[in-house]
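One structure is given here, and the rest of the page talks about it.
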Amino acid sequence: MLKGYVPPYNATVVQKLLDQGALLMGKTNLDEFAMGSGSTDGVFGPVKNPWSYSKQYREKRKQNPHSKSGDSDWLITGGSSGGSAAAVSAFTCYAALGSDTGGSTRNPAAHCGLVGFKPSYGLVSRHGLIPLVNSMDVPGILTRCVDDAAMVLGVLAGHDPKDSTTVHDPINKPLVLSSLADVSKLCIGIPKEYLVPELSSEIQSLWSRAADLFESEGAKVIEVSLPHTSYSIVCYHVLCTSEVASNMARFDGLQYGHRCDIDVSTEAMYAATRREGFNDVVRGRILSGNFFLLKENYENYFVKAQKVRRLIANDFVNAFNSGVDVLLTPTTLSEAVPYLEFIKEDNRTRSAQDDIFTQPVNMAGLPAVSIPVALSNQGLPIGLQFIGRAFYDQQLLTVAKWFE
Ligand code: GLN
């Protein structure tokens, strides 16, 4: 839809980086309009995970009698900002930006062995970021270590008159993290609902070892309940597709990018342009969203989903009010999977499920960071996620740095 389109202004995040002397190398591939969790649906083709070619992984692959060899034998990066993750992971750049509406920065970070940071909603301007779900979107940061993420955040954070949801500068720039030598005053919460049957046993055991490490250093580690977690995926689906139906209306063949050359009627031109310009994921979401927004469905779906979103957000408030400083969770259900496995039809549901640990955070507007903690038996990176109170981004990153 936006092929060949050159925006007439820079996004605020881009301008801020330029103002500080950053060199911008280019734009990276992602799922079309940031819809996805694999980076397999981009117009430039799927993004390959650089870890697919690591020596250790190739050796393991060879030993597995079921593994397919050939051109398609590579791993997904996760998504939707998989191109950004691949670029940082392959050492082609220092840092990259992503778009995080339901986990799109943290998910590929986990699969590519990186730090993926989603700041608090309202800390970083969305001006110039193509909206997916306006009330959940946040520009995300992908780097190789926590200090780098803090440095980029220091440049990006702050009020922007062009984004009325940004708050007035709660961070003193530049953001330098102190070394947190003592975690004994911290209370770490472990949400019991995040122990889902689909979670890989390797990630589960790393998660509990991480909790043990905090405990052995004197931190208080307690189990907490986020009881509405299981409604998050369906709730997100209703809210996301409804906002997509509205947001995508601007791509009508008149104002931006692609226009189908058809002169029967304006309506026919709109329809043909959108049929040609959007992939089936985007078209599917527009259709679902319009269904949820129909007059007879609006109360039953959209309004209800908004109420459920409030309950999900309140779960976090209750956990933090009970004294928890930071929550510790897995980032993804498994390590990166081979492309051929990911695109199997029956995996579509699984791919939506993949966001289970990351999406609720966006509903609540909280800061969260995924950091690489170990390599799996297959030789692939595994990430764990820390979630903080709203606008306690600095504290969150300090804890993540201690753990790193
Ligand atoms: N996987 C989710 C979706 O497809 C989240 C995407 C994102 O964070 N941009 O909507």
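Okay, so the sequence shown: first residue is 0 according to numbering that gives the first Met the number 0, each after it adds one. Don't be surprised by glycine CBs; every beta carbon is placed ideally from N, CA and C. Just so we're clear, the structure is a prediction, and the values are computed from it rather than from any experiment.
*Whose C-alpha, out of F277, M150, D181 and H126, is nearest the C-alpha of C259?*
Locating residue 259 in the sequence shown gives position 260, where the first residue counts as 1. The shortest C-alpha separation from C259 is found at F277.
*Give every residue of the same chain whose Cβ lies closer than 7 Å to the Cβ of D136, excluding the five residues on either side of it in the sequence, and list them in chain order.*
Within the sequence shown, the letter at position 137 stands for residue 136. Taken in chain order, the residues that qualify are S98, T100, R125, L128 and P130.
_CB of L113 within 8 Å of CB of V87, strictly_ = Within the sequence shown, numbered from 1, the residue matching residue 113 stands at position 114. Within the sequence shown, numbered from 1, the residue matching residue 87 stands at position 88. Their beta carbons are under 8 Å apart, which means L113 touches V87 by this criterion.
*Cβ contact check for the stretch 299-310 and the stretch 159-166: 3 or more pairs under 8 Å*: no
*For S80, which of helix, strand or coil comes out of DSSP?*
Against the sequence shown, residue 80 aligns to sequence position 81. Coil.
*State the Cα-Cα distance for the pair I202 and V281, rounded to the nearest angstrom.*
The count along the sequence shown starts at 1 and reaches residue 202 at position 203. The count along the sequence shown starts at 1 and reaches residue 281 at position 282. For I202 and V281, the distance between alpha carbons rounds to 32 Å.
*Cα-Cα separation between E295 and F250, rounded to whole angstroms*: Residue mapping note: residue 295 aligns to position 296 of the sequence shown, counting from 1. Residue mapping note: residue 250 aligns to position 251 of the sequence shown, counting from 1. Each residue's alpha carbon lies about 26 Å from the other.
*Secondary structure at Q384, three-state DSSP: helix, strand or coil?*
Working through the sequence shown from its first residue, we reach residue 384 at position 385. Strand at Q384.
_Buried versus exposed, by CB contacts within 10 Å (16 or more), M34_ = For the purposes of this step, residue 34 is identified with residue 35 of the sequence shown, where counting begins at 1. Buried, since its Cβ has 16 or more Cβ neighbours within 10 Å.
*Can you check DSSP and say which residues form a bridge with C144?*
On the sequence shown, residue 144 is found 145 positions in, with the first residue counted as 1. DSSP output for C144 lists no bridge partner at all.
*Of the listed residues F32, S177, I75 and L152, nearest to M247 (C-alpha basis)*: Numbered from 1 along the sequence shown, position 248 holds the residue referred to as residue 247. Looking at the Cα atoms, F32 is the closest of the given residues.
*G101 beta carbon near the ligand GLN (any heavy atom closer than 7 Å)*: As a position in the sequence shown, residue 101 is number 102, starting the count at 1. For the ligand GLN, at least one heavy atom lies less than 7 Å from the Cβ of G101.
*Got a sec, what are the start and stop residues for the beta strand (DSSP E) I189 sits in?*
Counting from 1 along the sequence shown, the entry for residue 189 is found at position 190. I189 -> beta strand (DSSP E) spans C186 to P190.
_Buried or exposed (CB count within 10 angstroms, at least 16 for buried), M150_ = Indexing the sequence shown from 1 puts residue 150 at position 151. Looking at its Cβ environment, which holds 16 or more other Cβ atoms inside 10 Å, M150 is buried.
*According to DSSP, is S178 helix, strand or coil?*
Counting from one through the sequence shown, the residue named residue 178 turns up at place 179. Three-state DSSP puts S178 in coil, outside helix and strand.
_Under 7 Å: does the beta carbon of D40 sit that close to some heavy atom of the ligand GLN?_
Position 41 of the sequence shown, counted from the first residue, corresponds to residue 40. No - the ligand GLN has no heavy atom lying nearer than 7 Å to the Cβ of D40.
*Collapsed DSSP secondary structure at G199 in the structure displayed*: Here residue 199 refers to the residue found at position 200 when the sequence shown is read from its first residue. The question names Gly, but residue 199 is Ser in the sequence shown. Three-state result, S199: coil.
*Since K26 contacts V154 with CB under 8 Å, what's their CB separation in whole angstroms?*
Within the sequence shown, residue 26 is the residue found at index 27, counting from 1. Within the sequence shown, residue 154 is the residue found at index 155, counting from 1. Not really, about 19 Å apart at Cβ, beyond 8 Å.
*Measuring alpha carbon to alpha carbon, tell me which of E58, P196 and L253 ends up nearest Y4.*
In the sequence shown, counting from the first residue as 1, residue 4 sits at position 5. The option with the nearest alpha carbon to Y4 is L253.
_Complete runs of the beta strand (DSSP E) confined to the stretch 255-321 [at least 3 residues]_ = none
*Would a C-beta distance cut-off of 8 Å place T240 and P359 closer than the cut-off?*
In the sequence shown, the residue the question calls residue 240 occupies position 241. In the sequence shown, the residue the question calls residue 359 occupies position 360. No, the pair does not count as a contact, with Cβ atoms beyond the cut-off.
*Measure the CB-CB distance between L23 and G78 and report whether it falls below 8 Å.*
Sequence index remark: in the sequence shown, residue 23 carries index 24 (1-based). Sequence index remark: in the sequence shown, residue 78 carries index 79 (1-based). No, these two residues do not count as a Cβ contact at 8 Å.
_Distance between beta carbons of G188 and V223, contact taken as under 8 Å_ = Here residue 223 corresponds to residue number 224 of the sequence shown, with the count starting at 1. Here residue 188 corresponds to residue number 189 of the sequence shown, with the count starting at 1. 4 Å between Cβ atoms; contact.
_Own chain partners of F90 with C-beta closer than 7 Å, once the 5 adjacent residues on each side are dropped_ = Stepping through the sequence shown from its first residue, residue 90 is reached at position 91. Once the five neighbours on either side are set aside, F90 has no close Cβ partner at all.
*Under three-state DSSP, which class holds T328?*
The residue given as residue 328 occupies position 329 in the sequence shown. DSSP places T328 in strand when its eight states are reduced to three.
_By alpha-carbon positions, which one of G37, D279, G288 and G364 ends up nearest to R388?_
Reading the sequence shown from its first residue, position 389 is the one you call residue 388. Ranking G37, D279, G288 and G364 by Cα distance to R388 puts G364 first.
*What does a CB cutoff of less than 7 Å around F291 pick up in its chain, not counting 5 residues either side in sequence?*
Here residue 291 is taken as the residue at index 292 of the sequence shown, counted from 1. These residues qualify, in order along the chain: V237, T240, S241, Y300 and F301.
*Helix, strand or coil: which one does DSSP assign to K400?*
For the purposes of this step, residue 400 is taken as residue 401 along the sequence shown, with counting starting at 1. In the three-state scheme derived from DSSP, where H, G and I count as helix and E and B as strand, K400 is classed as helix.
*When DSSP builds the beta bridges, which residues end up paired with L96?*
By 1-based counting over the sequence shown, the position of residue 96 is 97. Paired residue(s): I140.
*Decide if N320 is buried, meaning its Cβ has at least 16 other Cβ atoms within 10 Å, or exposed.*
Counting from one through the sequence shown, the residue named residue 320 turns up at place 321. By the 10 Å Cβ count, N320 comes out exposed.
_Buried/exposed call for K306, threshold 16 Cβ in 10 Å_ = Along the sequence shown, read from residue 1 onward, the residue named residue 306 stands at position 307. Answer is exposed; the Cβ neighbour count stays below 16.
*For T265, count neighbouring C-beta atoms within 10 Å of its own C-beta (all shown protein chains included) and say buried if the count is 16 or more, exposed if not.*
In the sequence shown, the residue the question calls residue 265 occupies position 266. By the neighbour-count rule (16 or more Cβ atoms within 10 Å), T265 is not buried but exposed.
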